[in-house]
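Undergrad: Sharing a structure here in structure tokens format.
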Amino acid sequence: MAEIKTTMAGNVWKINIKTGDTVAAGDEVVILESMKMEIPIESEAAGTVTEILVEEGSFVNEDEVIIKLD
Numbered sequence: 001m002a003e004i005k006t007t008m009a010g011n012v013w014k015i016n017i018k019t020g021d022t023v024a025a026g027d028e029v030v031i032l033e034s035m036k037m038e039i040p041i042e043s044e045a046a047g048t049v050t051e052i053l054v055e056e057g058s059f060v061n062e063d064e065v066i067i068k069l070d
């Protein structure tokens with residue numbers, strides 16, 4: 001099982017996937033907002049989204065697991 005983690009702290013601005021979606025390595029899955037900039041978070045592995053651990057508008061820390069893949 002793979003995990004997608006944040007690269008920096010910020011607010012979850014947009015979630016581009018939903019549970020059950022298939023993603024490829026490099027797909028943009030979430031956009032964070034930090035310091036008035038949009039930071040895309042990409043999947044590092046291919047798989048099916050089994051769990052989304054954040055909601056739009058929530059705050060996340062650096063290296064926080066936000067999505068689980070199978």
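If you're matching positions, the sequence shown starts at 1 in the UniProt record's numbering and goes up one per residue.
All C-beta atoms, glycine included, are put in the ideal place defined by N, C-alpha and C.
Please read all numbers here as calculations on a predicted model, not as lab measurements.
My assumption, with CB atoms under 8 angstroms, is that E55 sits in contact with V23. Please give the rounded CB distance.
TA: About 18 angstroms separates the two Cβ atoms, so there is no contact after all.
Undergrad: Use the C-beta contact count for L53: other C-beta atoms within 10 angstroms, 16 or more gives buried, fewer gives exposed.
TA: When all chains shown are included, L53 counts as exposed.
Undergrad: Can you tell me which residues form a DSSP beta bridge with S58?
TA: Beta-bridge pairing links S58 to no other residue.
Undergrad: Using a threshold of 8 angstroms, state whether the C-beta atoms of I41 and V49 are closer than that.
TA: Not a contact, by the Cβ cut-off of 8 angstroms.
Undergrad: Which residues in the same chain as E62 place their Cβ atom closer than 8 angstroms to its Cβ, once the five residues preceding and following it in sequence are excluded?
TA: If we look at E62 and ignore the five residues flanking it on each side, its Cβ neighbours are T6, T7, M8 and A9.
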